[in-house]
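Novice:
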Amino acid sequence: MDPLTPEDVSHIARLAYIKLSGSEAEKMRVQLTNILSQFQALASVDTEGVEPTGHTTDVHSIMRIDEPHPPLEREDVLQNAPDRDGEFMRVRPVLE
Amino acid sequence: MTTRSTNSELHFATARELRSRFDSRELSSVEATHLMIDRIESLEPDLNSFITLTPERALKQAELADQRLRGSGQEPTALTGVPVMVKDNFSTQGVETTAASKILKGYIPPYDGTAVQLLKESGAVILGKGNLDEFAMGSSNENSAFGPVHNPWNTDRVPGGSSGGPGAAVAAGECFVGFGSDTGGSIRQPAALCGVVGMKPTYGLVSRYGLLAFGSSLDQIGPMTRSVADCADALNVISNHDHRDSTSVPAPFADFGHDLEAGVSGMNIGVPSEYLVDGIEPGVRSAFEASLKTLEDLGANISETSLPLTDHALAVYYIIAPSEASANLSRYDGVKYGLGSTDSKTSAEATESARADGFGEEVKRRILLGTYALSAGYHDAYYKKAQQVRTLIRREFTDAFLKFDALVTPTSPGVAFKIGDKTDDPFRMYMNDVCTIPVNIAGLPAISIPGGMSESLPVGLQFIGPLFGDTVVIQAAAAYERATTWHTEHPPV
């Protein structure tokens, strides 16, 4: 396979919401290229018409009975927010 | 054939031995808990197997356990009064839970995960939270934001990972039972490298509710113990059907210890040749060959078999697990818990810098790998292809189990390696999991038990069973354990 380009790495870093420094991005580019090149052998496996497996035990998603349970204590949840205002979590503006 | 521990080495007793001392009133849970707390204090500077210790909570639980053991209230269980450790990716109400990540420093969960809740209900005494590779991503416990764990057999060596904390703690006698999680070998590989028993049950037997998610279709909680019987007892406590995990399988389950004494005479056990490839250390190979001879002497029918797709399992795993991780770890956005960023201008910048500062290098690498494999234009070539090969790997196992009751393999191609030896080459590190990964891909039960020594370090032996064949691997492991003395060897600590 072709090595990843610096643009490839900055694209996926943006998708993943991870800011990378220049040297970090270059190290990742080399390592990810190396790892991905080890995966190329998979292309040789004939998977024509094979259903993908997402889950192994053939138990289909089981819904619980729809009855209300006590929710988590609000204060117990909010105490973990890095930035809060009373009963709210604060976030930075989404639009500048 | 259980060996009885002397008082001076009570910390190396099995949970069953400890319980029998509780029953005979030779010892109380409070005394056993004090013994553990003292031992942890003296060993932790060398091992670092705990991230958080909760001695006051533990002593309170021990007092309640002693009342229960003396007959007041509920019937005691196999773990009542037994000091245990849970890995720090188990959600524990009121006790900091970090998954060994800086991004969760200071996070106090508002709820207990199901396994923790069941442990508390059973009367187990929880000593604290075990160290691990950050978000369970690693094979050496070197990826912890709280420092590496050292192998008690040789503190220059890794304990394996990602459940290195529970592995080292059980081996060193810092607790009687450890609980870990296994996504690609994270219970079995450290069990092998630390010389203890570790089991990944069939996917869905233990609820994942409250387990900080890594690869949801692969993750499974399981016990780490000093005997196979303890492993079965611990699994009985933590397995259940849980409506809070939609992949939890319907109960009731068998007693996992039901066939402990049944032996392997007449059992058909396959040896997949692909697990004995180049790269396996000579000492591991010769220990494995000696183990096969032991099983044969016990009356098992051992024959070689082939699972050709094993060679593709590593690639399948390192596409599927990072893909699932990239989605699961998107919740760490610096808003709801953990590390935040207050000096950013926009919400997107705040998230980007919280994740840049909070995640370690291996976690970033896997998130990026998974993001790439799921991104437009690459999804079919990587993620879908891996899921299709996953189907073929499952079929290959299903076919093998038409002929065999169980498969036997080494757990890891090598013994514990030196700290720092493999950190520069991620793919070389990933090769550590080559014998354990196929099991998670297929959702199967597998157990690693002490199966020899090489270079004065433990070697693990792995039994793999068919889906829901958990009692079969326990049966085979127990027979091997009775015939050997590897489980009675303890590290020099």
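Chains as they are written, first to last, in our numbering: chain A, 203 to 298; chain B, 21 to 513. Built from N, CA and C at the ideal position, the CB exists for glycine as well. All values derive from a computational prediction rather than experimental measurement.
#1: Given a threshold of 16 other Cβ atoms within 10 Å of its Cβ, counted over all protein chains shown, does B/M21 qualify as buried or as exposed?
#2: Could you tell me which of B/D153, B/M451 and B/K80 sits nearest to B/A335, measuring between CA atoms?
#3: Can you tell me which residues form a DSSP beta bridge with A/S239?
#4: Does the beta-carbon of A/I267 have 16 or more other beta-carbons within 10 angstroms, so that it is buried, or is it exposed?
#5: Using the C-alpha atoms, what's the distance from B/V226 back to B/D132?
#6: Examine the Cβ distances between the segment 303–316 of chain B and the segment 427–441 of chain B and report whether three or more of them are shorter than 8 Å.
#7: Throw me the rounded Cβ distance for the B/G215 and B/A191 pair, which I believe falls under 8 Å.
#8: Provide the residue span of the alpha helix (DSSP H) that contains A/E209, from first to last.
#9: Since B/K384 meets chain A, which of its residues come closer than 9 Å, beta carbon to beta carbon?
#10: Interface residues of chain B around A/G256 at Cβ under 7 Å?
#11: Would you call the segment 46–53 of chain B in contact with the segment 98–108 of chain B, where contact means no fewer than 3 C-beta pairs closer than 8 Å?
#12: Are the C-beta atoms of A/P205 and some chain B residue less than 8 Å apart?
#13: Could you tell me the boundaries of the beta strand (DSSP E) in which A/V252 lies?
#14: Step through the CB atoms of chain A and report whether any lies within less than 8 Å of the CB of B/T443.
#15: When you compare the CB positions of B/D250 and B/R36, do they come within less than 8 Å of one another, or not?
#16: Which same chain residues, not among the five before or five after B/I557, have their C-beta less than 6 Å away from its C-beta?
#17: What do you get for B/R24, buried or exposed, if any count of 16 or more other CB atoms within 10 angstroms of its CB means buried?
#18: When DSSP builds the beta bridges, which residues end up paired with B/A466?
#19: Can you list the residues of chain A that B/V454 reaches, using a CB-CB cut of under 7 Å?
#20: Ignoring anything shorter than 4 residues, give me the alpha helix (DSSP H) runs that lie fully in the segment 218–293 of chain B, in order along the chain.
#21: Mapping DSSP to helix, strand and coil, what is B/T431?
#22: By the DSSP assignment, the alpha helix (DSSP H) with B/P103 in it spans what residues?
#23: Which residues mark the beginning and the end of the beta strand (DSSP E) in which B/L145 is found?
#24: Output the distance between the C-alpha atoms of B/Y295 and B/E372, rounded to the nearest integer angstrom.
#25: If we cut at 8 Å on Cβ distances, does A/P284 have a partner in chain C?
#26: Just the C-alpha distance for B/R502 and B/A156, rounded to the nearest angstrom, thanks.
#27: Could one say the Cβ of B/S364 lies closer than 8 Å to chain A's Cβ atoms, at least one of them?
#28: Once DSSP output is grouped into helix, strand and coil, what is the label at A/D278?
#29: Exposed or buried, which one is B/H170 when buried takes at least 16 other CB atoms within 10 Å?
#30: Along chain B, which residues have their Cβ under 7 Å away from the Cβ of A/T235?
#31: Can you round the beta-carbon distance between B/I457 and B/Y352 to whole angstroms, since I take them to be within the 8 Å contact cut?
#32: Please list, in chain order, the residues of the segment 240–267 of chain A that have any C-beta partner in chain B closer than 8 Å.
#33: Compare the C-beta of B/E141 with all C-beta atoms of chain A and state if any pair is closer than 8 Å.
#34: Is the CB of A/E275 under 8 Å away from at least one CB in chain B?
#35: Per DSSP, which residues does A/D287 bridge with? Please list them.
#36: B/M473 by DSSP, collapsed to three states: which one?
Specialist: In brief:
#1: Within the second sequence, residue 21 of chain B is the residue found at index 1, counting from 1. Only weak support exists for where B/M21 lies, its pLDDT of 37 falling under 50; the value from the coordinates is given anyway. Classification for B/M21: exposed.
#2: As a first step, residue 335 of chain B is located in the second sequence; it is residue number 315 there, counting from the start. Closest by alpha carbon: B/M451.
#3: Residue 239 of chain A sits at position 37 when you count from the first residue of the first sequence. Its beta-bridge partners do not exist; DSSP assigns none.
#4: Here residue 267 of chain A refers to the residue found at position 65 when the first sequence is read from its first residue. So A/I267 ends up on the exposed side.
#5: Position 112 of the second sequence, counted from the start, is the residue given in the question as residue 132 of chain B. Position 206 of the second sequence, counted from the start, is the residue given in the question as residue 226 of chain B. Cα to Cα, the separation comes out at about 14 Å.
#6: Yes, since at least three Cβ pairs between the segment 303–316 of chain B and the segment 427–441 of chain B fall closer than 8 Å, the two stretches touch.
#7: Residue 215 of chain B sits at position 195 when you count from the first residue of the second sequence. Residue 191 of chain B sits at position 171 when you count from the first residue of the second sequence. Contact check for B/G215 and B/A191: beta-carbon distance about 6 Å, within the 8 Å limit, so the pair qualifies.
#8: Taking the first sequence and counting its residues from 1, one reaches residue 209 of chain A at position 7. Secondary structure note for A/E209: its alpha helix (DSSP H) is the uninterrupted segment P208 to L217.
#9: On the second sequence, position 364 is the one that residue 384 of chain B refers to. Residues of chain A passing the Cβ test: A215, A218, I220, L222, E226 and M230.
#10: Position 54 of the first sequence, counted from the first residue, corresponds to residue 256 of chain A. Neighbours of A/G256 on chain B, chain order: S237 and Q407.
#11: With the cut-off at 8 Å, the segment 46–53 of chain B and the segment 98–108 of chain B touch.
#12: Translated into the one-based positions of the first sequence, residue 205 of chain A becomes position 3. Taking 8 Å as the threshold, the shortest C-beta distance from A/P205 to chain B does not fall below it.
#13: In the first sequence, counting from the first residue as 1, residue 252 of chain A sits at position 50. Premise fails: A/V252 is in no beta strand (DSSP E) and is neither H nor E.
#14: Position 423 of the second sequence, counting from 1, holds the residue named residue 443 of chain B. No, because no Cβ of chain A sits closer than 8 Å to the Cβ of B/T443.
#15: Along the second sequence, one-based indexing puts residue 250 of chain B at 230. Along the second sequence, one-based indexing puts residue 36 of chain B at 16. A contact, by the Cβ cut-off of 8 Å.
#16: This structure cannot speak to residue 557 of chain B, because chain B is shown only from 21 to 513.
#17: The residue given as residue 24 of chain B occupies position 4 in the second sequence. For B/R24, the predicted model reports a pLDDT of 48, less than 50, meaning its position is unreliable; a value from the coordinates is still stated below. Exposed: under 16 other Cβ atoms inside 10 Å.
#18: Here the question's residue 466 of chain B lines up with position 446 in the second sequence. Paired residues: B/K220 and B/I484.
#19: If you number the second sequence from 1, residue 454 of chain B lands on position 434. Neighbours of B/V454 across chain A, judged by C-beta separation under 7 Å, do not exist; the nearest C-beta is about 12 Å away.
#20: Counting only runs of 4 or more, we get 248–258.
#21: Residue 431 of chain B sits at position 411 when you count from the first residue of the second sequence. Under the three-state reduction of DSSP, B/T431 is assigned to coil, being neither helix nor strand.
#22: As a position in the second sequence, residue 103 of chain B is number 83, starting the count at 1. Taken as a continuous stretch (DSSP letters only), B/P103 belongs to no alpha helix (DSSP H), being part of the beta strand (DSSP E) at P103 to K107.
#23: The count along the second sequence starts at 1 and reaches residue 145 of chain B at position 125. The sequence given here has Val at residue 145 of chain B, not Leu. Counting along the chain, the beta strand (DSSP E) containing B/V145 begins and ends at V145 to G150.
#24: Numbered from 1 along the second sequence, position 275 holds the residue referred to as residue 295 of chain B. Numbered from 1 along the second sequence, position 352 holds the residue referred to as residue 372 of chain B. Distance between the alpha carbons of B/Y295 and B/E372 is about 41 Å.
#25: Although the question refers to chain C, the structure presented lacks it and instead comprises the protein chains A and B.
#26: Counted from its first residue, the second sequence places residue 502 of chain B at position 482. Counted from its first residue, the second sequence places residue 156 of chain B at position 136. So the alpha carbons of these two residues sit roughly 32 Å apart.
#27: In the second sequence, residue 364 of chain B corresponds to position 344, counting from 1. Under the Cβ distance rule, B/S364 counts among the residues neighbouring chain A, one pair being separated by less than 8 Å.
#28: Position 76 of the first sequence holds residue 278 of chain A. DSSP places A/D278 in helix when its eight states are reduced to three.
#29: Here residue 170 of chain B refers to the residue found at position 150 of the second sequence. B/H170 is buried by the Cβ-count criterion.
#30: As a first step, residue 235 of chain A is located in the first sequence; it is residue number 33 there, counting from the start. Per Cβ cutoff of 7 Å: no residues; A/T235 is ~11 Å from chain B at best.
#31: Stepping through the second sequence from its first residue, residue 457 of chain B is reached at position 437. Stepping through the second sequence from its first residue, residue 352 of chain B is reached at position 332. A Cβ-Cβ separation of about 25 Å leaves B/I457 out of contact with B/Y352 under the 8 Å criterion.
#32: Under the 8 Å Cβ criterion, the segment 240–267 of chain A contributes Q240, F241, A243, L244, A245, V247, T249, V252, E253, P254, T255, G256, H257, T258, T259, V261, S263, I264, M265, R266 and I267.
#33: Taking the first residue of the second sequence as 1, we reach residue 141 of chain B at position 121. Taking a beta-carbon distance threshold of 8 Å, B/E141 does not count as an interface residue toward chain A.
#34: Numbered from 1 along the first sequence, position 73 holds the residue referred to as residue 275 of chain A. So yes, A/E275 belongs to the interface.
#35: As a first step, residue 287 of chain A is located in the first sequence; it is residue number 85 there, counting from the start. Under DSSP, A/D287 takes part in a beta bridge, and its partners are A/F290.
#36: The count along the second sequence starts at 1 and reaches residue 473 of chain B at position 453. Strand at B/M473.
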